[in-house]
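Line order of the protein sequences matches chains U and W.
Following the working numbering, the numbering of the first sequence begins with 114 at its first residue and continues without gaps.
Following the working numbering, the numbering of the second sequence begins with -8 at its first residue and continues without gaps.
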Amino acid sequence: MEPLALYLQHLRDVSGLPFYPWLFDFLLVLTFTLHILAVNLVLGGTLVLLWGRLFGGSYGRRLSRSLSRALPITLSWVIVLAVAPLLFIQVLYDPFWYFSNVISAWWALAFLALIALSFSLLYLYYLRGGYEGAGNPLWPLVAFISLLLVAVIIHALSLQALHPEKWPEWAAKGGTEYQSGGKLFALSLPRLLHFLLASMATTGIFLLFYARYFRPRADYDPNYLSWAARTGARLALIFSLLQAAVGIWWLLSLPAEFRFYTHPLFLLGAGFGLLFILYLLLVRHNPEPHAGRIGALLAATVFFMSYTREALRMKYLSRAGYSFASYPVHPSWSSTALFLLTFLMGLVILGYVGLVVYRAGRGQKEVGAHGWGRLSVLLSWLWIVVMVIIGLALSFKNGALP
Amino acid sequence: MYPIWVVPYLSSALVIGLIASFHILPSHLAVGAFWFNVYIEGKAYREGRPELLSFVRRYTLLILIFCFVFGSLSGVGIWYSATVSSPRGISALIHNYVWGWATEWVFFLIEVATIYAYYYTLGKVDERTHLRIGYLYALSAWISMIIITGILAFMLTPGRWLETGRFFDGFFNPTYWPQLGARTFFMFGIAGLYALLIAATLKEREVAREVSRLAGAWGLFGLILGTLFGYWWLKKLPPEARDFLFGGTLPYLSTLLKVAAISGGIVGLYFLLFGILFPRLNNVPLALLTLIILFLGILSGEGLREGVRRPYIINGFMYSHQVVGADLPAKGIASEVEVLNEKGYLSRLGYLPPELRTITEKNRLSVGRILVAHECANCHALSPKGLRSLPRLLKGLGLKTPEDLAGFLEGLDGYPYMPPFVGTEEERLAAGAYLSTLVKENP
C-alpha cells in the first residue's frame, strides 16, 4: 500500500461505522441541500436588503423591512441545519475533515466567531429600526462582509480536505515545527464563485414565494408584491445564467482524468439546472403563479448538485486510494432505529408547527389542527417514556443502577 | 495521528473547556426557561391577567437572542474546538454516538421552529395553540438534554460499553441518571436567575414583584434538588475519580468543588432574599453579579467533571493524548499502546517528511518537540507561564538531563492521573532531550 493510503487508513476511526455508509452519505446530501439553501438565502438576502434599504426606492425599502426580520431567523436555520451534515461528514470522511481543520485551527474557530458577529449585527439591525425601514445599513454591510469571509474559510477547509497529497507540504508550512494552525492553504475561485452566485438565485426564488404567500393579506400592496415577484424572477434568471457560466469554468478547471462532464449525477444536476433556467425564461413576465414548480426545480437542482459534489469528492479521494465503501461497519440497529423513528416523529411535529406559522402569517387567529397539535405533544411525551423504560431496564440489567 | 494544534499558554483542552462552560449558560437556559415561561403564560390566561405577558415576551426575546445566537454557536463551537484540539477524541465519540447526536438534532430543529413560532405568534394565534407551541419547545429542549447527557456521562463512566461496544450500554451508564437529574434541576436554577434579571427590568412593578417571587421559588427548588442529584453523582463516581477528588491526589479538584458549592449557596441566598422574601429589592446590577457568580460555579463544576476523568477522554478506553489504551474485541479494536511502543509513535505520523520520521543526532530536538507536542500539549503549556506549564513542573521535580527526563517519561503512568508516554526508548530520549532544553531555557 502507498504510504499516503496507509496513513489515511490509520487516521480512520478505530470504532468503524455504526451503520452502512450509503445511509450516512444520503443523509449528508439531503441535509446539506437544506443547509446550503438556507445559507444562500442569508447571503443573498443580506445583499438584497442592503440594496433595497439604500437604492431600492419605496418598494425596495419595504422589502428590506421584511428581510430584516427574515434574515436572523434564517441564520438560525442555517446553523441548526449545519449540524447534521457536519456530523455525517465526520462519520464518513473523518481523516480529511479533521486534518484540514487542525492545520487551519485558528481559522476554524474564527469561522464561528464571524458567524456570531454577523448574527448579532443582523439582530441589531432588525431591533434598532431595521423593521421600520430605518436601521443603520452599516450593520448589514459588516454582516455581509463577515459572511463572505465565513464562506471563504469553509470553502478553504473543504478544499484542503480534498488534497491529502498536499498535506505534508501544508503541515510543514503551518509554522515552526508543525504546530501553528494559523494559515489557510487552498482556494479555487470558480468553485467559490459557483457557491456564492447561487445565493442570489435562491434569494430570487424566495421573493417569488414571499409575494405569493402574502398576496391574500389586505395590508400588503398588490403592486409591491408583483414587483417583488418580478424582481425575484429576474434575479434568479440573471444569476443562474452567471452561475452556469462559472460552473463551466469550474468544470474545465477539474483534473482532466476525472472526465467529470460524463458523470451521470453531474448530468442530472446540470439537466435540472437547465430546466430551471428555461422555465424561468418562459414565465419571467408573470412568474408568481409558477412559484411551486420553479421552487421544485430549484430544490431538485440543488439536491443533485449536492450529490454531484459528493461524487467529485470521491473522485479526488480515490486518487489517494481512499473510499468510504471499505470502512469497517458494526451495525448498531437499535441506535439507527432510534434516529429514524425520531426523525419521522420530528417531521410530524415540525409539520404541525409549520402549519401554525403558515396560518398565523396569513392572519388567521384560530389556527385549528388541534388534533395534530395534541398528537405532537403526545409523541414527545411518548418518546420520553419509551427512553426512560429502556434506560431503566438496561441500567438495572447492567448494574448501573442502583 | 493528526497534526497537533498547540495553543500558547492555555493548552488546547482549555479552549474546549472555556467554550463548553460558556455553552452551559445559554443551553441550560434554553432547556429550563420555557417551563417557567409557559407556567407564567398559562397563569396569565387562567387568571385573565394579560399584563403578565409583558414578562413572557421579554423573557422569550432574551432566550431567542442569547440561546439561539450564542447558545447554538457555542454548541457548534464545542465540536469545532474539539475537532482542532482532540480530533481522535471527538471522532471516537462521533463514530459511536452519531445516531445519538443525529437524534438530538431532530429536537434542535423542533426547538428552532417552536421558539420563533412562539415569539412571533404571541397574541396572534389562539391561546391554546400558543401554549402548546411553548410546551412543544420545552419538551424538545429537555429531550435534547436527555440525549446529550448520555454522551457526556459515557465519557466518564462508559460502563458495560467497554465490553460490548453497544450504543445503549454506554448511553445508560452508571453516572447517567444522577447527571440527568442534576442538570434537569439546575436548569431551573439558571432559568430562575435569568427570570429574576428580566423581572428587574420590567416597568410594571406589580408584575415584576410577582414574577420575582415565583422565579425565586422555582430557582431555589431547582437548586436544592439539583444539589441532591449532584451528591448522588459524587457517590456514583468511580473509585479512582473519588480518590482524585477527596483523597488529595488532585487538590485543585476539591477547590473546584468548594467554589461550585459556595457559588450555589450565594445564588440560593439570592433566590431566597431577593426573590421569595423581598422581591422588591431584586435589581439588575445585583442579579447580574449573581449571574457572574453562577457562571463561576458552572465553570468550576464542569472543570471538576472533566478533571475526574483524567487521564482519559473516554474513561478506560482512550487516553487524553488520543491514544487508544484498551482492547474492545466487540468492535475489533486493539490497544494502540503496545504497537506504538514497539513500532514507534513516529510510525503513525504520516504527515511528516521521511527525514523527520527517523531520529538522527541532527533532528533529535525537532522530533522531540513534535513528540512532546503530540503527547503533552493537549493539557500542558510548553511555555514557563501558562496552564500546567511543563518547564515549571519539570523544574519543580528537579529533572534536567535528557536521560533523567526520558526515565521520568517511562514511568509517567505511575501517576494515576497521567497517561503513559507512548513510543520507543529512542523516542523517549528525543522527547527527553527536547524537554531538557525547556528546563534549561527557563531557569
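Just so it is clear, CB atoms sit at the ideal spot from N, CA and C, and this is done for glycine as well.
Nearest neighbour of W:Val47, chosen from W:Glu102, W:Ile10, W:Ile101 and W:His121 [CA to CA]:
In this structure, W:His121 is the residue among W:Glu102, W:Ile10, W:Ile101 and W:His121 with its C-alpha nearest to the C-alpha of W:Val47.
Would you mind working out which of U:Ala482, U:Arg397 and U:Val193 sits nearest W:Arg119, comparing C-alpha positions?
For W:Arg119, the closest alpha carbon among the candidates U:Ala482, U:Arg397 and U:Val193 is that of U:Ala482.
Measure the alpha-carbon distance for U:Leu199 versus U:Thr187 and round it to whole angstroms.
Cα-Cα distance, rounded: 18 Å.
Say whether chain U places a C-beta atom closer than 8 Å to the C-beta of W:Ser203.
No - not a single Cβ of chain U is within 8 Å of the one on W:Ser203.
Do U:Ala151 and U:Leu194 have their C-beta atoms closer together than 8 Å?
Cβ distance < 8 Å, so U:Ala151 and U:Leu194 count as in contact.
Report buried or exposed for U:Val359, applying the criterion of at least 16 other Cβ atoms within 10 angstroms of its Cβ.
Under this definition U:Val359 is a buried residue.
Run through chain U and tell me which residues come within less than 9 Å of W:Leu127, C-beta to C-beta.
The answer, in chain order, is Ile462, Tyr465, Val466, Gly486, Ser489, Val490 and Ser493.
Give the residues of chain U in contact with W:Thr240, contact being defined as C-beta atoms less than 9 Å apart.
The contacting residues do not exist; W:Thr240 stays about 25 Å from chain U at best.
What does DSSP give as the partner residue(s) for W:Met309 in the beta ladder?
W:Ile305 and W:Val315.
Please report whether the beta-carbon of W:Pro407 lies at a distance below 8 Å from any beta-carbon of chain U.
Proximity of W:Pro407 to chain U, defined by a Cβ-Cβ separation below 8 Å, is not satisfied.
Going by DSSP, which residues form a beta bridge with U:Val442?
According to DSSP, U:Val442 bridges with U:Leu130.
In this structure, does DSSP put W:Ile134 in helix, strand or coil?
W:Ile134: helix per DSSP, three-state reduction.
Could you run through the segment 71 to 87 of chain W and flag, in chain order, every residue whose CB is less than 7 Å away from some CB of chain U?
Cβ contacts with chain U: Tyr71, Ser72, Thr74, Val75, Pro78, Ser82, Ala83, Ile85, His86 and Asn87.
Report yes or no: do three or more beta-carbon pairs, one from the segment 483 to 496 of chain U and one from the segment 127 to 135 of chain W, lie closer than 8 Å?
Result yes; three or more Cβ-Cβ pairs closer than 8 Å.
Beta carbon of W:Leu337, beta carbon of W:Ala182: below 8 Å?
Taking 8 Å as the Cβ cut-off, W:Leu337 and W:Ala182 do not qualify as a contacting pair.
Cutoff 7 Å; reference U:Leu394; Cβ partners in own chain excluding five residues on either side
Only Leu350 meet the Cβ criterion.
W:Ile324 in three-state terms, based on DSSP:
For W:Ile324, the three-state secondary structure derived from DSSP is strand.
Pair every Cβ in the segment 297 to 308 of chain W with every Cβ in the segment 142 to 161 of chain W, then say whether three or more of these pairs are closer than 8 Å.
Yes, the segment 297 to 308 of chain W touches the segment 142 to 161 of chain W.
Taking the alpha-carbon positions, what's the U:Ile407 to U:Ile149 distance?
Just so you know, the alpha carbons of U:Ile407 and U:Ile149 end up roughly 17 Å apart.
Can you tell which of U:Gly486, U:Ala369 and U:Leu321 has its C-alpha closest to the C-alpha of U:Ala404?
Distances from the CA of U:Ala404 to each of U:Gly486, U:Ala369 and U:Leu321 were compared; the closest alpha carbon is that of U:Leu321.
For W:Leu381, collect the residues of the same chain with a Cβ closer than 8 Å to its Cβ; drop the 5 residues on either side in sequence, then sort them by chain order.
Leaving aside the five residues that flank W:Leu381 on each side, the residues in its chain whose CB is nearer than 8 Å to its CB run, in chain order, Val363, Cys367, His371, Ala372, Leu373, Leu426 and Leu429.
Distance cutoff 8 Å, beta carbons only. Does W:Lys376 sit that close to anything in chain U?
By the rule that beta-carbons nearer than 8 Å mark a contact, W:Lys376 does not touch chain U.
Interface flag, U:Gln273 vs chain W, CB-CB below 8 Å
So, not an interface residue.
For W:Ile15, is the classification buried or exposed, using 16 other Cβ atoms within 10 angstroms of its Cβ as the cut-off for buried?
Residue burial annotation: W:Ile15 is buried, with at least 16 other C-beta atoms found within 10 angstroms of its C-beta.
Out of W:Leu184, W:Phe235 and W:Glu416, state which residue places its alpha-carbon closest to the alpha-carbon of W:Leu520.
The requested residue 520 of chain W is not part of the displayed model; chain W covers only -8 to 434.
Are U:Ser270 and U:Ser312 close, meaning C-beta to C-beta below 8 Å?
A small correction: the amino acid at residue 270 of chain U is Leu; Ser does not occupy that position in the sequence shown. No.
Hey, how far is the Cα of U:Gly512 from the Cα of W:Leu205?
Each residue's Cα considered, the two are about 40 Å apart.
Using a Cβ cut-off of 9 Å, which residues of the segment 400 to 425 of chain U contact any Cβ in chain W, in chain order?
Listed by position along the chain: nothing, the set is empty.
Starting from the Cα of U:Phe452, find the closest Cα among U:Leu235, U:Tyr120, U:Leu140 and U:Arg432 and give me that residue.
Of the candidates U:Leu235, U:Tyr120, U:Leu140 and U:Arg432, the residue whose Cα lies closest to the Cα of U:Phe452 is U:Leu140.
Can you tell which of U:Pro515, U:Trp446, U:Trp362 and U:Gly464 has its C-alpha closest to the C-alpha of W:Thr105?
Ranked by how close their Cα comes to the Cα of W:Thr105, the residues U:Pro515, U:Trp446, U:Trp362 and U:Gly464 have U:Gly464 in first place.
Using a Cβ cut-off of 8 Å, which residues of the segment 437 to 459 of chain U contact any Cβ in chain W, in chain order?
So the list reads Pro441, His443, Ser445, Ser447, Ser448, Thr449, Leu451, Phe452, Thr455, Phe456, Met458 and Gly459, given in the order they occur along the chain.
Residues of the segment 112 to 126 of chain W whose Cβ lies closer than 8 Å to any Cβ of chain U, in chain order:
Shown in chain order are the members of the segment 112 to 126 of chain W whose Cβ falls below 8 Å from a Cβ of chain U: Thr112, Lys115, Val116, Asp117, Arg119, Thr120, Arg123, Ile124 and Tyr126.
Against chain U, with Cβ distances strictly below 8 Å, would W:Asn164 count as a contact?
It does: the Cβ of W:Asn164 has a partner Cβ on chain U nearer than 8 Å.
Could you spell out where the alpha helix (DSSP H) holding U:Val415 opens and where it closes?
Taken as a continuous stretch (DSSP letters only), the alpha helix (DSSP H) holding U:Val415 covers Ala404 to Arg432.
Distance, Cα to Cα, W:Tyr441 vs U:Gly474?
Not covered by the structure: residue 441 of chain W. The range shown for chain W is -8 to 434.
Sequence-distant residues of its chain with Cβ nearer than 7 Å to W:Gly156 (five each side left out):
Counting only residues of its own chain and dropping the five nearest sequence neighbours on each side, W:Gly156 has a CB closer than 7 Å to the CB of Leu319, Ala321 and Lys322.
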